[in-house]
Structure formats: C-alpha cells, structure tokens
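Reviewing the structure listed below.
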Amino acid sequence: MSVAVLLVIGILTGLTTVLFGFGGGFVTVPVIFWVDAAAGAASATIAVATSSVVMVVNAAVATLATPRTVLARLRGTTLLLALLGAGGLVGAIAATFAPEWIIAWGFVLYLAVTIADVLARPGFLRPAPDTPAARGSDTFAIPAASGGPIGALASFLGVGGSVMTVPLLRRSGLPMQIAATLANPLTLCISLPACVAFLAANHTAGTGAGMLTVGSVDLGAAGLLLLGAIPVVVLLRRRPPRIPDRLHAWGYVALLVLVLGTMLVRLV
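Quick note: the sequence shown uses the numbering used here, first residue 762, plus one each step.
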C-alpha cells in the first residue's frame, strides 16, 4: 500500500515542482513522516532528510529544463545562492540532532504563518500598489543577507526553499509562473548541501527505519517518489500548462492548506 501511495505522491511532487517550484519538499514530509512512523522519534528527521533528496533531483531536472532567458534573472545573485547553500547545510546538521516535536510542530507553525501572510498581505493574491517590477527595477527580490536564514529554516523544517522564496518573488511583482520557475534553482542551492549532510549522518541507526535507509535518508521511499515525479517534471517542462495567474496563486495557497491539514491529522 505504501508503495502505491509513494508513487502517487511522487506524481504530485512532480506537478508541484513545475507549477509551484516546490521541488517536492514540503509535500513529501507528511508522507514520509507516516511511512517511517516505525522509526519513532527519528521519523521527523528521516522525513526532512528524504525530502532533501527528492528536492535535489526534482529541482535539478526542472532547472536544467528552464529557459536561459528566465535563469538570466539570477545574474548578480552569487552571494545569495552561496548563503542559501550555507544555510541549508547548517539547517540540515541542526535537524539531525533536534527533537522530533520541534521539527514537526515547526513545520506546522511555518505553514500556518505563511498561509496567513499570503492571505492577509497584498502582493500575492491581489496586486500590491507598488512593486519593484512595476517600477522597472532589476534588483532581485530576495536580499543576499536573507539567504542564510532562508536556507537554514528550509532545510531544518523540510518545507523547501520555495515556500519562502515564491511569496517574496511574487510580491516583487513577478507572475506566478516566473516566481515558481525561479524557485527551483534556489531550492537546489539549499537542498544539495543539506542532502549531503543528511546522507552522511548516522542519526537513524537502529531506529526501525526503512531497509534502504542511508544516513538519515530513506532511499527506498525517495526512489519511489522520484519514479513518479521525474517523468511528470520532464513532460510539463516541455509542455508547460497555461494557468491564469490569479488561479495559479490560489492553487499555491490551497496546496499549503492541504499539506498543513495532513500534517495536523498525523500529529493530533
């Protein structure tokens, strides 16, 4: 049963990678949390670690298929990308030692705050009165100094960098399609060093995790998720769906709400 569920969720992560730039991170955390429940207190760490592997592969495939004209918007962001990676490494190391409840409830709290923020503040679901894009500014929406905190929090909680970066990019005046597309290379910068740290960890030894667990990563579950995700990412990158911008933004919020509800059911 779990094999079928992981394949279906893999397809969903492929969809969310292309449509929302998620890379599969925060979608996979509740599922792996459930699949590896036998690992007990280590299940939250395994979920976050496994999601990092899924994010690396999905974000890499999506980034490679992104038009250069879109990626050109990242020029001049070398420091931001480096700090995202450094933060991702720090967050991953912290997650291997953190108590399960901090990761799990931190995940829930961050999603709840994000949902409230995008609903309440202008710039995401409804236009903001003044945005950098509207002023014709070429300045990238995410300051370099915020790279470290974003990377650390994203890898620690397993929410994926896009849950933080897409709202910031969106509020700069970018359409959802461009914001979601740019989120993939940013997610890759965060998840790659985090993935290396999780694979090197020995935090889950003897916990009852999956047979194919390496370090803190359930490679068996990650493989099934990617088996479902990669064909979807490749197909949709070649033939991207045309979705009205407002509907696209509401779909982002709806998915956040769905994942938040799923995680709450698991915890409560």
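All residues carry an ideal CB built from backbone N, CA and C; glycine is no exception.
| Asked | Found |
| --- | --- |
| Could you check which residue in Ile903, Leu767, Leu780, Pro791 has the C-alpha nearest to that of Val1029? | Pro791 |
| Rounded to whole angstroms, what's the CA-CA distance from Val796 to Val995? Just pull it up for me. | 27 angstroms |
| Secondary structure at Val764, three-state DSSP: helix, strand or coil? | helix |
| Would you list the residues sitting across from Val978 in a DSSP beta bridge? | Val975 |
| Going by the CB atoms, is the gap between Ala955 and Gly976 shorter than 7 angstroms? | no |
| So which of Pro860, Ala808, Arg1007 has the shortest CA-CA distance to Gly934? | Arg1007 |
| In the DSSP assignment, find the unbroken alpha helix (DSSP H) run with Arg1007 in it and report its ends. | 1006 to 1028 |
| Could you spell out the range, first to last residue, of the alpha helix (DSSP H) harbouring Pro954? | 937 to 961 |
| From the DSSP output, in three-state form, read off Leu996 for me. | helix |
| For Gly922, which of helix, strand or coil comes out of DSSP? | coil |
| So, Thr789 versus Ser763, is the Cβ gap smaller than 7 angstroms? | no |
| At the level of alpha carbons, what is the spacing between Gly1022 and Leu870? | 12 angstroms |
| Got a sec: does the ligand GDP put a non-hydrogen atom nearer than 6 angstroms to the Cβ of Leu1017? | This structure does not include the ligand GDP; it has no bound ligands of any sort. |
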